[in-house]
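A quick write-up on the structure given underneath.
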Amino acid sequence: MHFERKCEMMEICIAISIIFVSACIHGIAGFGFSLFSAPLLCLIFPIKIVVPTMVVMSIFVNLFVFVRLKEKPDMKSILTILIPGVLVTPIGAYALKMADERLLKAMVGIFVLVSAFALLFGFKIKLKNKNLSYVLTGVLSGLLNGSISVSGPPVILLLRNEDKDKMEFRTSLTSYFLILKMITMMLFVFSGQLDWQIIKLILFLIPGLFIGVIIGVKIGNNINEAIFKKATNILLIAMGAIFLMKI
Numbered sequence: 080m081h082f083e084r085k086c087e088m089m090e091i092c093i094a095i096s097i098i099f100v101s102a103c104i105h106g107i108a109g110f111g112f113s114l115f116s117a118p119l120l121c122l123i124f125p126i127k128i129v130v131p132t133m134v135v136m137s138i139f140v141n142l143f144v145f146v147r148l149k150e151k152p153d154m155k156s157i158l159t160i161l162i163p164g165v166l167v168t169p170i171g172a173y174a175l176k177m178a179d180e181r182l183l184k185a186m187v188g189i190f191v192l193v194s195a196f197a198l199l200f201g202f203k204i205k206l207k208n209k210n211l212s213y214v215l216t217g218v219l220s221g222l223l224n225g226s227i228s229v230s231g232p233p234v235i236l237l238l239r240n241e242d243k244d245k246m247e248f249r250t251s252l253t254s255y256f257l258i259l260k261m262i263t264m265m266l267f268v269f270s271g272q273l274d275w276q277i278i279k280l281i282l283f284l285i286p287g288l289f290i291g292v293i294i295g296v297k298i299g300n301n302i303n304e305a306i307f308k309k310a311t312n313i314l315l316i317a318m319g320a321i322f323l324m325k326i
C-alpha cells in the first residue's frame, strides 16, 4: 500500500513537471500546451482521463495568457475562423469513422512540416480574399478537431503566414483556443466525462501550470520579435514531427 502511494505521488510529480514545461512553452508562443503535454501524460494516465483533463487545463492556461497579454483581440477575424470550425467539427468526427486515423495524422504532420519550413525560409502565400481564407481555415481546423482532436495547426499557420507581430499572434491564438476549449468542455460536462478523479488530478496539476505560464508569458513579452518568429517556426516543425512520430 505504501509502495503504491509512493508510485502515485511519483506519477503526480512527473505530471506536474510536464505541465510546467508545456505551460511555459504556451506562455511564450501562444500555443503548444496540449501538443507537448498530452502525449507524455498518456504514458502515465489512461487517455480517457488525459483528454478531459487537457481540455480543462487548456482553458486555464489560455485564460491566464489572455489576461496577462492585455491586448484587445480582433474578434471579427477570430469568429470568422471559429464559427465554421465549430459547425464542421461533427463532420470531422464522422470522417474519423470513414478514414484511417494514422493516415490523417501523417497528412497533417507532412502539411505542418512543409509549411513550417517554407515560413522559416521566408516563403509566404499572398491571400487575395482574407475572409474566405479565414473561413476555409476554420473549416479545416474543425475537421481536424472532430477527427483527431487537434484544431491548432491550420490557425497557427494562417497567422504566421500573415506575419502578425508577437502580441497580436499570441492574443488571436489564445482567444481562439479559449472559446473552442470552453465549448468542448461543455460537451464533456453534458456527456458526464468530467468526474471527481479528473477534477482531483487537475487540482494537483494547476500549481505547475500557473508557475509555468507566468514564466512563459514574461519571456514571451520580452523576447525579440525576430527570435520569436523563428522560435514559433521551430515549434511548428516540432509539431509536425510529433504528428509523424505518433503514427
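Note that the sequence shown covers residues 80 to 326 in our numbering.
Note that beta-carbon positions come from the ideal geometry of N, C-alpha and C, so glycine has one too.
query	result
With a threshold of 16 other CB atoms inside 10 Å of the CB of methionine 88, please say whether the residue is buried or exposed.	exposed
Rounded to a whole number of angstroms, what is the C-alpha to C-alpha distance between isoleucine 204 and asparagine 240?	7 angstroms
On the premise that isoleucine 316 lies in contact with alanine 195, defined as a C-beta separation below 8 angstroms, what is that separation, rounded to the nearest angstrom?	5 angstroms
Am I right that phenylalanine 267 and valine 134 are in contact with their C-beta atoms under 8 angstroms? What's the rounded C-beta distance?	6 angstroms
Residue range of the alpha helix (DSSP H) that glutamate 247 falls in?	245 to 269
Taking all protein chains shown into account, decide if isoleucine 160 is buried (16 or more other Cβ within 10 angstroms of its Cβ) or exposed.	buried
Can you check which of these residues, Lys184, Tyr213 and Gly271, is closest to phenylalanine 322 by C-alpha distance?	Lys184
State the Cα-Cα distance for the pair serine 96 and isoleucine 107, rounded to the nearest angstrom.	17 angstroms
Just the C-alpha distance for valine 100 and lysine 207, rounded to the nearest angstrom, thanks.	39 angstroms
Helix, strand or coil for cysteine 103, going by three-state DSSP, please let me know.	helix
Buried or exposed: alanine 305, going by 16 or more other Cβ atoms within 10 Å of its Cβ?	exposed
To which residues of the same chain is alanine 310 closer than 8 angstroms at the C-beta, ignoring the five residues directly before and after it?	Ile107, Ala108 and Ile302
Counting Cβ pairs, one atom from each stretch, are 3 or more of them under 8 angstroms apart for the region 272 to 288 and the region 131 to 151?	yes
For methionine 273 and asparagine 210, I'd like the C-alpha separation in whole angstroms.	The sequence shown places leucine at residue 273, not methionine. Near 36 angstroms, if we compare the C-alpha coordinates of asparagine 210 and leucine 273.
Are the region 109 to 126 and the region 149 to 158 in contact at 8 angstroms, needing three or more beta carbon pairs?	no
Quick check: what's the CA-CA separation for isoleucine 91 versus leucine 219?	35 angstroms
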